[in-house]
Amino acid sequence: MKYPFVRPKFYLRLIKDLARFIAQPQYASLQNLTVKNKIYDTLGLFLIKLAFSLLVANVLAIFYEPKNITETNMAERFTPLAYLMVGGLILPLYEEVCFRLSLRFKPLYVALTFATLTYYILTKAIYKTNLSLVDETFYSRIGLSIGFGVIAFILIYRKKIHQKLTVLWENNIRWIYYLSCVLFAWLHIFNFELNLTNILLLPILTLPQLFSATIAGYTRLSFGFRYPLFVHMGTNLLFISLSFLPLD
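In terms of the numbering used here, the sequence shown opens at residue 41 and continues consecutively.
Here it is as structure tokens:
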């Protein structure tokens, strides 16, 4: 597989593999692929995702361009280095643990996902603040999330519950995968103002995130957790870095 990134057939094969997986998600650890080939495929999917996201963003901008209040807020609160650290490294790790880690069932994975989802709900629905904001509610949000995560781990680790959940995951990975994709995408609506227009356009505004989630879930189940994590970090670091350029 020498210089695959310049070959159209390489991308066509990746799109076909992804489409087959989306149609029938399954646990498919590709043991025959070397780490090198997994990296090639992951980077190829990253380039496909990047092209798709830019296409959707540019087409949408012709008709409507909503303001991303999350990016604006973070850019105002953080220095460039802190913005890169939080937006490019910490938040991608948080989101991958929240939405992708427990696609493969283990008590610890599900407990960590439960804890991170709890933090999201507490932050957005209860305290109505920002995920990355260290305010007077931050330690309460962190403490409660860790507490609920520990309780979840203790319960899930019990033999009967563990066995039932293992069977549930094996028999319903398709729907668990779809749910993780939709949740990841649609929760990004909070990046924009919650007005009627944005809510009605939710499926379109979050289409890049939905496509990204299908790829991340595919690479998570097929290659391992670190592959979608590094792609997510790379994507965020790229766009945050580009935002520093003096384009005006």
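Every residue gets a Cβ at the ideal spot worked out from N, C-alpha and C, and that includes glycine.
Remember, predicted model here, so these are calculated numbers, not experimental data.
Neighbourhood of residue i by C-beta, 8 Å cutoff - its chain only, sequence neighbours within 5 removed
i	result
residue 239	229
residue 100	244 and 245
Start-to-end residues for the alpha helix (DSSP H) that takes in residue i
i	result
residue 44	Taken as a continuous stretch (DSSP letters only), residue 44 belongs to no alpha helix (DSSP H), as it is neither H nor E.
residue 129	From DSSP, residue 129 is part of no alpha helix (DSSP H); its letter is neither H nor E.
residue 279	266-283
residue 119	No alpha helix (DSSP H) holds residue 119; DSSP gives it neither H nor E.
residue 243	242-245
residue 158	147-161
residue 229	Here residue 229 belongs to no alpha helix (DSSP H), and DSSP marks it neither H nor E.
residue 169	Looking at the DSSP string, residue 169 is not in any alpha helix (DSSP H), and its letter there is neither H nor E.
residue 181	178-196
residue 101	75-103
7 Å Cβ shell around residue i - same chain, five flanking residues per side excluded
i	result
residue 54	81, 84, 85 and 88
residue 175	169
residue 269	132, 133 and 136
residue 221	250, 253, 254 and 257
Residues of its chain near residue i, where Cβ-Cβ distance is below 6 Å and the 5 sequence neighbours each way are ignored
i	result
residue 242	229
residue 276	127, 128 and 132
residue 110	231
residue 158	185 and 188
residue 106	232 and 238
residue 263	78
Environment of residue i [buried if 16+ CB atoms lie within 10 Å]
i	result
residue 180	exposed
residue 60	exposed
residue 257	buried
residue 172	buried
residue 280	buried
residue 249	buried
residue 67	exposed
residue 289	Outside the displayed span of the chain (41 to 288) sits residue 289, for which this structure offers no information.
residue 245	buried
residue 47	exposed
residue 97	exposed
residue 163	buried
residue 196	buried
Option in the options with minimal Cα separation from residue i
i	options	result
residue 152	123, 130 and 188	188
residue 44	76, 198, 58 and 96	76
residue 235	79, 283, 192 and 108	108
Proximity test, residue i beta-carbon vs the ligand FAD heavy atom, cut-off 7 Å
i	result
residue 96	Ligands displayed in this structure: none; no statement on the ligand FAD is therefore possible.
With a threshold of 8 Å, are at least 3 pairs of Cβ atoms found where one atom belongs to the region 135-148 and the other to the region 253-265?
yes
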